[in-house]
Structures are given as C-alpha cells and as structure tokens.
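Written out below as structure tokens is the structure these notes cover.
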Amino acid sequence: MADPLRILTVIGARPQIIKAAAISRAVATSFRDRIHETLLHTGQHYDANMSQVFFDELGIPRADIDLGVGSGPHGAQTARMIEGIEQELLRSRYDLVLLYGDTNSTLAGAVAAAKLHVPVAHVEAGLRSFDKRMPEEVNRILCDQCSTWLFCPTATAVENLAREGFPMDVSSPPTADRPHVVLSGDVMFDNSMHFAALAAERATLVRDLGLVPNGFVLVTVHRDHNTDVPERLNGLFEVLLALRKKHGLPFVLPAHPRTRKMMDLLLAPVLRKAVADDPDFHVVPPAGFLDMIALEQQARLVITDSGGVQKEAYFFGRPVVVLRPTTEWVELLAHGQAVLADADPQRIIAGVDRFLREGVPACPPLYGDGHAAERICTELLKAY
Ligand code: UD1
Ligand code: UDP
Numbered sequence: 001m002a003d004p005l006r007i008l009t010v011i012g013a014r015p016q017i018i019k020a021a022a023i024s025r026a027v028a029t030s031f032r033d034r035i036h037e038t039l040l041h042t043g044q045h046y047d048a049n050m051s052q053v054f055f056d057e058l059g060i061p062r063a064d065i066d067l068g069v070g071s072g073p074h075g076a077q078t079a080r081m082i083e084g085i086e087q088e089l090l091r092s093r094y095d096l097v098l099l100y101g102d103t104n105s106t107l108a109g110a111v112a113a114a115k116l117h118v119p120v121a122h123v124e125a126g127l128r129s130f131d132k133r134m135p136e137e138v139n140r141i142l143c144d145q146c147s148t149w150l151f152c153p154t155a156t157a158v159e160n161l162a163r164e165g166f167p168m169d170v171s172s173p174p175t176a177d178r179p180h181v182v183l184s185g186d187v188m189f190d191n192s193m194h195f196a197a198l199a200a201e202r203a204t205l206v207r208d209l210g211l212v213p214n215g216f217v218l219v220t221v222h223r224d225h226n227t228d229v230p231e232r233l234n235g236l237f238e239v240l241l242a243l244r245k246k247h248g249l250p251f252v253l254p255a256h257p258r259t260r261k262m263m264d265l266l267l268a269p270v271l272r273k274a275v276a277d278d279p280d281f282h283v284v285p286p287a288g289f290l291d292m293i294a295l296e297q298q299a300r301l302v303i304t305d306s307g308g309v310q311k312e313a314y315f316f317g318r319p320v321v322v323l324r325p326t327t328e329w330v331e332l333l334a335h336g337q338a339v340l341a342d343a344d345p346q347r348i349i350a351g352v353d354r355f356l357r358e359g360v361p362a363c364p365p366l367y368g369d370g371h372a373a374e375r376i377c378t379e380l381l382k383a384y
C-alpha cells in the first residue's frame, strides 16, 4: 500500500481547534489508512476553557506538538509561531500543511510552510471583509496567497478569489503558483450538525443559569475593535443593559478573556456596577462547545461580533445582530438571517427590536451539506 499522506495541521485559537475536529473526525472514520495527521498547537490560546475543553468535548486527539507561544503583540507572537513551525517542518517530512481561518496561527503556518516549499491547504479561504484594519483580513489574504489548495466555504468566497485573479481552472495538478480553488462547504456546519444532539443531551449551562428555551439572549464580544476602544466597549454595554431591561429577557455573555480583561480596565465604574447588580445579566466564563451550541440552539436571539457564532446562530435558526461594520458571511445578510449594527446603539436597538418581534424568515442551506471535511480530504488525496 502507498505511504499515507502526511499532513501537519496547525491550530492555536479556539475556533481553529473546533474546526480541526471535523477533519480529524473524517480522517479517523474514513481515511485512517490514507492520511496521517500530526497536530501542532501554537499555544495562541492556552486557558483550559479556551483550549483543552475543546479537545475533550470534540474528541480531538492530543496535540502532538505544543509550541506554547502564549499571548503577545502581533509581530512577536507570530514570529515565535513561525520559528516553532519552521523547526517542526525541518525536523519531519510533511506532504502539506493544513491551516484554518484567519488568526495569527494561520499566518504563521502559511509563512513557515511557503518558505520551505511545503504546500499549504487553507480551509476557509476566500473570505473577505474588505477592511484591512482587521488583523484577520490581513492574515487571510496573505494565507490565501501562499496556498496550493483554497477550500472555500461559500460561493461568495470563490467569487472573491476569482476577482483577485486566482485561476479557476483545476485541470493541471495544484501548485503554489497554480493553486486549486475548491468549493468545499463549511467544516463548522459539519461540526454543528454532528454535535447538535449531544449538546441537547449533555449541556448544562442553560439549566444551571435558570434559563428557558427561547427565553434569553446570547451575546458574545471579543473583536479588538470593540473590546479595546473605550467608547465602543462602554457604548455596547450601555445599550445591552438597556435592551435587557426593555425586553425583560435575561442576557448571557460568555466572556472571552480579552473581553473580561478590557471590561475590568475600561468599563466606567457605574456600568461595571450595573452589570454586576443585574441578576439577569449573566457574564460567565468562556463556555465549552456543547454548552455554547446549546445556548445557540435555545436563545431567542444572538448578538455577536464573532464569525463562528454568527453562522452557528443561523444553523440553529436564530436571528443575529452583528456588532461589526462588515461581515465575511454576507449570505446571512442577503437572506435576512442577520443584520449589521456595528457598535451603533440605534442600529443595535432596531435590529434587536425587529428580530424579537418578527424572528427570521425560512432560509435554504447556505454552508454545504455537512460533509465539507470528507470533501477536503478527498481533494487532498487526489494530488498524491
Ligand atoms: C484571536 C484571533 C481572532 C479570533 C479569536 C478567537 C488573531 C489576530 N485574532 O483573537 O481572529 O476571532 O482569537 O477567539 O489571531 N487570552 C487569555 N487566555 C487565553 C487566550 C487569550 O487570557 O487562553 C487573553 C490575553 O490577554 C491575550 C488576549 O486574550 O492578550 C487576546 O488573545 P489573542 O489570541 O491575541 O487574540 P484574540 O482576541 O483571542
Ligand atoms: N465558542 C465556544 N464558547 C464560547 C464562545 C465561542 O465554544 O464561549 C465557540 C463557538 O461556538 C464557535 C467558536 O467558538 O464554534 C467561535 O470562536 P470565536 O467567537 O472565539 O472566534 P471567531 O469565530 O470570531 O474567529
């Protein structure tokens, strides 16, 4: 039998660990003899509730290599990751490096691999916010430029790449100079479908907080543009508190460590007290994946600046108010599943009021058929 395809998968931030679960599961169930995957964790996220919990809950094998880079400014953090990934690529032979999304861990993997001529496969390629002030926009554009396979979750992502001049012809074998653009569907949809029943059975947070299905609002905020700018952070909490009181619904905010830190640093004392004194405004630690899925399944409405949470809300038929000026997931806007509100109080209030009144319209599947991971593995194997 031929040697298995040797993949080095680079993960580091919470959503990447979650996304990697879909392909690790596909390898374990359908490609065990043909693909050998090594997991490298950069250590970008390291708290147990930002990292280990996902390995445990999603059944991902332990990382084979942990660089333990931790937090830091963009340049220093990314440089430490590049150095560690490069050392691993020099130490062992890999047929390709598999990267997810748009974090500093993604960029580091792309730079390290491309310079050593190890082919890059990018999952979540082609997404664009058209806003280069977002660190993620810079990371994803650079990673796409280094990639040999660009696995697009949506037709819009394929169109973005076509507009940027990526070849759409896949008749010759893929190379870094003539990459293959593939519409694969979204591995996050695979995961949400796979774990939905388990979440309904095992998650406890909704009950522990005394919440009832369809009777609360789920909020997440972690983008630097929202957390690190005092006026935006204060403005957001002011409007969230006001909406909670106006609608009489409990709000749950599983707080990213960045958000928790910036709340302590930047929130006006009067707002911090108002949050602490409101028994129905639950600021809780980052949730595990099963609890998070259960929150999304049962929330009446989701308010978020997260990329992943926007889509998961839609997977479970929940309307979303997006706390960003742009989104890469434009199909959600086009189908009336989400509205963009940025950090503008009037737009946030209008979006929340409307969705609480009207809910969301029916919508066709937008992110594939739940088998993106198998499609990606099959495509990678074709080239070897
Ligand atoms: C990163 C990604 C972002 C992604 C998010 C997912 C980049 C540039 N950004 O943002 O695209 O949406 O992850 O959650 O890669 N911290 C802890 N414990 C941890 C991890 C972080 O306390 O386990 C704190 C540290 O103070 C750190 C801050 O959070 O400085 C920010 O972490 P970092 O990984 O730099 O960026 P995120 O905001 O998490
Ligand atoms: N998530 C989670 N617990 C939380 C918040 C998010 O498990 O407290 C999951 C969420 O279900 C989704 C992913 O993390 O699968 C999204 O990650 P995040 O919002 O950190 O980053 P983004 O998607 O914006 O890059």
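Sequential numbering from 1 applies to the sequence shown in this note's numbering.
The beta carbon of each residue, even a glycine, is placed where N, CA and C say it ideally should be.
Since we're looking at a predicted model, the values are computed, not measured.
Check your understanding: Got a list of residues with beta-carbon closer than 5 Å to any non-hydrogen atom of ligand 1, in chain order?
Key -> With 5 Å as the limit, the residues whose C-beta approaches a heavy atom of ligand 1 more closely than that are A13, R14, Q44, H45, Y46, D47, M50, S71, T103, N104, P135, E136, P257, R258, in chain order.
Exercise for review: In angstroms with no decimal places, state the Cα-to-Cα distance between D47 and I17.
Suggested key: Taken atom to atom, the span from the alpha-carbon of D47 to that of I17 is near 13 Å.
Review point. For the beta strand (DSSP E) that contains P285, what are its first and last residues?
Key: Segment: none, P285 is in no beta strand (DSSP E) and carries neither H nor E.
**Study point:** Distance CB(L40)-CB(I23) smaller than 8 Å
**Key:** Taking 8 Å as the Cβ cut-off, L40 and I23 do not qualify as a contacting pair.
Check your understanding: Residues in its own chain within less than 6 Å of D280 by CB, not counting five upstream and five downstream?
Key -> Around D280: P250.
Check your understanding: Does DSSP put H41 in a helix, a strand or coil?
Key -> The answer is strand: DSSP assigns H41 an E or B state.
Point to revise | Candidates G288, E88, A110, Y314: closest to L150 by CA position | key: Ranking the options by Cα distance to L150, first place goes to A110.
**Study point:** Three-way DSSP call (helix, strand, coil) for C473 in this model
**Key:** Outside the displayed range of the chain (1 to 384) lies residue 473, so it cannot be described from this structure.
Check your understanding: Run through DSSP, which three-state label would Y100 get?
Key -> In this structure, Y100 counts as strand in the three-state DSSP scheme.
Check your understanding: Do L89 and V118 have their CB atoms nearer than 8 Å?
Key -> Taking the C-beta atoms as reference points, V118 is found nearer than 8 Å to L89.
Check your understanding: If you check the beta carbons only, do F216 and A350 fall under 8 Å apart?
Key -> Contact: no.
**Study point:** Sequence-distant residues of the same chain with beta carbon closer than 6 Å to Y314, five excluded per side
**Key:** In the same chain as Y314, and ignoring 5 residues on each side of it, the C-beta atoms closer than 6 Å to its own belong to L332, Q337, in chain order.
Check your understanding: Tell me which same chain residues have a C-beta within less than 7 Å of the C-beta of A287, skipping the five on either side of it?
Key -> Excluding residues within five positions, the ones whose Cβ falls inside 7 Å are L205, P254, L295.
Check your understanding: CB-CB under 8 Å to N160, same chain, minus the five flanking residues each way: which ones, in chain order?
Key -> The residues G126, L127, R128, in chain order, have a CB closer than 8 Å to that of N160 in the same chain once the five nearest residues on each side in sequence are set aside.
Practice item. Would you mind reading off the limits of the beta strand (DSSP E) that contains P319? Key: It is not in any beta strand (DSSP E) - P319 carries neither H nor E in the DSSP assignment.
Check your understanding: Which residues mark the beginning and the end of the alpha helix (DSSP H) in which P15 is found?
Key -> First-last of the alpha helix (DSSP H) with P15: 14-30.
Exercise for review: Report yes if the C-beta of F289 is less than 7 Å from at least one heavy atom of ligand 2; otherwise report no.
Suggested key: Remark: the C-beta of F289 is in contact range of ligand 2, defined as less than 7 Å to any heavy atom.
Practice item. Determine the DSSP secondary structure at I65, reduced to helix, strand or coil. Key: In the structure shown, I65 adopts extended strand secondary structure according to DSSP, grouped into three states.
Review point. Any heavy atom of ligand 3 within a distance shorter than 7 Å of the CB on V123?
Key: With respect to small molecules bound, the structure shown includes ligand 1 and ligand 2 and not ligand 3.
**Study point:** Counterpart residues of F281 in DSSP-defined beta bridges
**Key:** Secondary-structure assignment with DSSP links F281 through a beta bridge to F251.
Point to revise | Every unbroken alpha helix (DSSP H) inside the region 326-358 [4 residues or more] | key: Counting only runs that start and end inside the region 326-358, the alpha helix (DSSP H) elements of at least 4 residues fall at 330-334, 345-358.
Review point. Tell me which same chain residues have a C-beta within less than 8 Å of the C-beta of P257, skipping the five on either side of it?
Key: Shown here for P257: same chain residues with a beta carbon closer than 8 Å to its own, the five before and five after excluded, namely D47, M50, P286 in chain order.
Check your understanding: Taking Cβ to Cβ, would you say L183 is nearer than 8 Å to A200?
Key -> Contact flag unset, no.
Point to revise | Whole-number beta carbon distance between G75 and G43, since they are thought to touch under 8 Å | key: Here G43 is actually not in contact with G75; their C-beta atoms are around 17 Å apart, not less than 8 Å.
Check your understanding: Excluding five sequence neighbours on each side, which residues of the same chain lie with their C-beta closer than 7 Å to the C-beta of A341?
Key -> Closer than 7 Å at Cβ, skipping near neighbours: V321, V322, L323, R347, I348, G351.
Review point. DSSP state of H225, grouped into three classes?
Key: H225 falls in the helix class under three-state DSSP.
Review point. D186 to V270, Cα distance in whole Å?
Key: Near 42 Å, if we compare the C-alpha coordinates of V270 and D186.
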